[in-house]
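Colleague: Each residue of the sequence shown is one higher than the one before, counting from 1 in the UniProt record's numbering. Beta carbons are placed, not taken as given, at the ideal position from N, Cα and C, and that holds for glycine. Computed from a predicted structure; not experimentally measured. First the structure, which I've put down as structure tokens, then a few questions once you've had a look.
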Amino acid sequence: MSQEDRIEALLRALTLEEKCFLVAGKNMWETCDVDRLGIRSLKTTDGPAGVRGATWIDGTHTTFIPCGISLAATFDPALIERVGDILGAETRSKNSNVLLAPTMNISRSPLGGRNFENFGEDPYLSGIMATSYIKGVQKHGVGACMKHYVANDMETRRFNMNQQIDERTLREIYLKPFQMTLAAQPWTAMAAYPKINGHHADCSTFLLQDILKKEWGFDGLVMSDWGGTNDTVESILAGTDLEMPGPPIRYGKALVEAVKAGKVSEKDHLNASVMRLLRLLERAGLLDPERKQADQELDSDLPEFRQTAREAASGGIVLLKNSGILPLMPQKIKKLAIIGPNAKTPTTGGTGSAALRIDEQALFDEAVAVATEAEIVVLVVGHNNDTEKEGIDRTSLSLPRRTNELVEAICRANANTVVVTQSASAIAMPWAGAPPAIVHAWYQGQENGNALADVLLGHVSPSGKLPVTFPSRLEDHGSHSWFPGDAERDYAEYGEGVLVGYRWFDAKNIQPLWTFGFGLSYTAFRVTDAKVSGTINLDGSAKAIISATVTNTGAHDGAEVVQVYVAPSPVIAQKGRDAPPRSLVGFYKVFVRKGKSELVRISLDVSAVSWFDVEAKGGPSSSGRWRADDGKYKCFLGTSSRDIVAEVEVVVE
């Protein structure tokens, strides 16, 4: 008997009550089981920062990886796949079947409280990194969960906010990472909390059935976010296959009653969700009576896991400014002061607590006094879980309390101050001209200190690039007029449209403080000999290859990220639609030894020049379709969105 035949036989053997409880959680982390048919529970576990297991605190040891935004800053998909490999192995060691990660929402605003989980403001970068993450996780016979589908981009009134997003913006920005990630065949997806255009995500037939399952062909299971099943009938009809957590509120007994009342078709709707759940159990080996599952969660603290976490952490650190003070030379420094709120109470992730109150004048004065006596100061400042966490959004670009005043005072007291900042997104730096060096370190998990030391001491040449734009002031950011919306009316409009992040700054010709894709190194690179071979075919049968030579002209080994941006189709402007001057469509991180050169090749297919035309007919949506226009397209090679080193032309035919 084939797997599908066995699943269909199980479906026929299930009673209505068993079906309705099977598509619901049994407890916080597990699905229901049916002992008489040998159907076991599937166990899920959080989360993006590491595999926690079933226990919230005092559980088994696990690897605490860098936050998602820091992983994105590596611009290194191969490294992220290795991180996913750790998470997959540890999901198995925690006796779990599905890891509730990665988070793939867009960092639409620098104020988003959950930005630390995301892969940044660009949909292409997010899609590439999430795809690699999922590939790594699923190597181990466990599933990943792409979440939160879709537009879970702010925390303000997230359970009820009605977010108005035009379809082109929805498709090109917010849905694109999820669509790209299907290449990795994720086992599950999680519906988001908010409403999108009037419907909660778990109740949106358009999002779940029409796009995800039918148009994209997603064959996995869609679960609710925890407590995010909003209606018994609407949720199951829309395509939410599993209510979590349990015991069930909307499904289970309530679903039995809805089927008996004729509100839900057992044949057309309930059975479809049960089949997806059974297929997921089959993938996880939970329908195989010969396959044993461990009874307890195991510690996982392998040296190779720690090393990969350390590489990922140092790889995401971004050097924003350096006037020659870095790397530090310990043998030449007689007195080094390491001070600041984030130095005394390290912030390793988007959760936890930080008790230091830097507005106490005594601590402030002590820090200045110590800085005055030191030869070099490393000042570590930034946000922590009090200001960046799930459940709330930030209210400004400013660092907490008197932090900016502290930075200015320390820089006045000691001109040799290296400022290290920690945050999940952009922050204001009114003092940026004062210190000779600025390092942005995100939240690096368990290897936070080791990774920072590796970079500051020159054991690793920094190679991280910003996955978000840092504006000089909040008013310059495209989301400013629209984020977080009207909390009293639970209404938010995505008025910036497709001009998210750097796209807004480029379209409006606004100079940011630090540009998307920017990051310095201890060495220097030259990108030359940019060439194009091949053409892009509209039918997807051929790709263009952009190549360039990267030469390390400095004194250190290091890595550079070559980024490719493409100009939009002129048809968009002809139709009176907004379009950014250029969008990221490819990148490659290359390690080059000092004095050596390496060839970089980046392929572009028709998706690089495609856009969603809401006026076109004949597509999967009644209101438009994806299209690509023939012609010649400018492609820009750069080391950031603004630092363009070459232009080439790609033909689409």
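Can the beta-carbon of Arg394 be found closer than 8 Å to that of Thr403?
Modeller: Not a contact, by the Cβ cut-off of 8 Å.
Colleague: Starting from Val439 and walking both ways along the beta strand (DSSP E), at which residues does that stretch end?
Modeller: Run containing Val439: Ala437 to His440, per the beta strand (DSSP E) assignment.
Colleague: Just curious, the alpha helix (DSSP H) that Ser533 is in, first and last residue?
Modeller: From DSSP, Ser533 is part of no alpha helix (DSSP H) but of the beta strand (DSSP E) over Phe525 to Ser533.
Colleague: From Leu513 to Ala434, what distance separates their C-alpha atoms?
Modeller: Rounded to whole angstroms, Leu513 to Ala434 spans 14 Å at the Cα level.
Colleague: Within 10 angstroms of the Cβ of Ala355, are there 16 or more other Cβ atoms? Answer buried if so, exposed if not.
Modeller: For Ala355, the pLDDT reaches just 33, beneath the cut-off of 50, and the residue's location in the model is therefore unreliable, leaving the point undetermined.
Colleague: Here's the rule I'm using: 16 or more other beta-carbon atoms within 10 Å means buried, otherwise exposed. How should Ser481 be labelled?
Modeller: Classification of Ser481: exposed, given that the 10 Å Cβ count is below 16.
Colleague: Flag this pair as yes or no: are the beta carbons of Phe516 and Ser423 separated by less than 8 Å?
Modeller: Not a contact, by the Cβ cut-off of 8 Å.
Colleague: Note the first and the last residue of the continuous beta strand (DSSP E) segment covering Met146.
Modeller: Its beta strand (DSSP E) spans residues Gly143 to Tyr149.
Colleague: Hey, how far is the Cα of Ser547 from the Cα of Ser597?
Modeller: Rounded to whole angstroms, Ser547 to Ser597 spans 13 Å at the Cα level.
Colleague: Are the CB atoms of Gly382 and Pro66 within a distance shorter than 8 Å?
Modeller: Against a cut-off of 8 Å, the Cβ pair of Gly382 and Pro66 comes out as no contact.
Colleague: Label Ile333 either buried or exposed according to how many other C-beta atoms from any shown protein chain fall within 10 Å of its C-beta, with 16 as the threshold for buried.
Modeller: Ile333 is exposed by the Cβ-count criterion.
Colleague: Please go through the stretch 209-289 and give each complete beta strand (DSSP E) segment of 3 or more residues, from N-terminal end onward.
Modeller: Whole beta strand (DSSP E) segments, 3+ residues: 221-223.
Colleague: Quick one, are the C-beta atoms of Arg168 and Val652 less than 8 Å apart?
Modeller: No, the Cβ-Cβ distance between Arg168 and Val652 is not below 8 Å.
Colleague: Helix, strand or coil: which one does DSSP assign to Val614?
Modeller: Note: Val614 maps to coil in three-state DSSP.
Colleague: According to the Cβ coordinates, are Ile211 and Gln163 closer than 8 Å?
Modeller: Against a cut-off of 8 Å, the Cβ pair of Gln163 and Ile211 comes out as no contact.
Colleague: Counting only the same chain and skipping the five closest in sequence on each side, list residues whose C-beta sits under 7 Å from that of Arg157.
Modeller: So the qualifying residues of the chain are Ala487 and Asp490.
Colleague: Grab me the residues of Pro245's own chain with a C-beta within less than 8 Å of its C-beta, minus the 5 sequence neighbours each way, in chain order.
Modeller: Only Gly25, Asn27, Met28, Trp29, Trp226 and Gly227 meet the Cβ criterion.
Colleague: Just verifying my parser: in three-state terms, what is the DSSP assignment at Cys67?
Modeller: Three-state result, Cys67: coil.
Colleague: Could you tell me the alpha carbon to alpha carbon distance between Asp643 and Leu319, rounded to whole angstroms?
Modeller: Roughly 15 Å between the two C-alpha positions.
Colleague: Any idea if Asp268 is buried or exposed, counting beta-carbon neighbours within 10 angstroms, 16 or more meaning buried?
Modeller: Under this definition Asp268 is an exposed residue.
Colleague: Hey, quick one: how far does the alpha helix (DSSP H) through Ser583 stretch, first residue to last?
Modeller: That residue, Ser583, is in no alpha helix (DSSP H); its beta strand (DSSP E) goes Ser583 to Val592.
Colleague: From which residue to which residue does the alpha helix (DSSP H) around Thr421 run?
Modeller: Thr421 -> not in any alpha helix (DSSP H); beta strand (DSSP E) instead, spanning Thr417 to Gln422.
Colleague: Check the C-beta distance from Tyr133 over to Met190 and give it rounded, since I have them as a contact under 8 Å.
Modeller: Actually they do not touch by this definition, with Cβ atoms about 15 Å apart.
Colleague: Could you give the distance in angstroms between the alpha-carbon of Asn414 and the alpha-carbon of Pro327?
Modeller: Each residue's Cα considered, the two are about 18 Å apart.
Colleague: Could you name the residues of the same chain whose beta carbon sits closer than 7 Å to that of Ala426, not counting the 5 residues immediately before and after it, in chain order?
Modeller: Within the same chain, Ala426 has close Cβ partners Pro110, Leu397, Val468, Thr469, Phe470 and Pro471.
Colleague: Considering Cα atoms alone, identify which of Ile236, Thr240, Gln209 and Thr232 is closest to Met223.
Modeller: Considering only alpha carbons, the answer is Thr240.
Colleague: From the DSSP output, in three-state form, read off Ala544 for me.
Modeller: Looking at Ala544 - three-state DSSP - the assignment turns out to be strand.
Colleague: Relative to the C-alpha of Glu649, which residue among Thr551, Val562, Lys617 and Ala530 is closest?
Modeller: Taking only the C-alpha atoms, the option nearest Glu649 is Ala530.
Colleague: Between Thr523 and Ser461, how many whole angstroms is the CB-CB distance? I'm expecting something under 8 Å.
Modeller: With a Cβ gap of about 6 Å, Thr523 and Ser461 count as contacting.
Colleague: For Arg473, which three-state DSSP category applies?
Modeller: Residue state, collapsed to three classes: coil.
Colleague: Judging by CA-CA distance, which residue of Ala309, Asn509, Pro430 and Arg114 is the nearest neighbour of Ile80?
Modeller: Closest option to Ile80, Cα to Cα, is Ala309.
Colleague: Distance, Cα to Cα, Ala542 vs Glu493?
Modeller: C-alpha separation (whole angstroms): 39 Å.
Colleague: So, at 6 Å on beta carbons, what are the nonlocal neighbours of Ser96 in its own chain, with the 5 sequence-adjacent residues on each side left out?
Modeller: Contacts found: Lys43 and Thr45.
Colleague: Please give me, in chain order, every unbroken run of the alpha helix (DSSP H) with length at least 4 that falls completely inside the stretch 443-496.
Modeller: Segments of the alpha helix (DSSP H) lying fully in the stretch 443-496: 448-456.
Colleague: In whole angstroms, what separates the C-alpha of His440 from that of Ser204?
Modeller: Using only the alpha carbons, I get a separation of about 39 Å.
Colleague: Tell me which residues share the same chain as Gly38 and place their Cβ nearer than 6 Å to its Cβ, disregarding the 5 neighbours each side in the sequence.
Modeller: So the list reads Pro289, once near-sequence residues are dropped.
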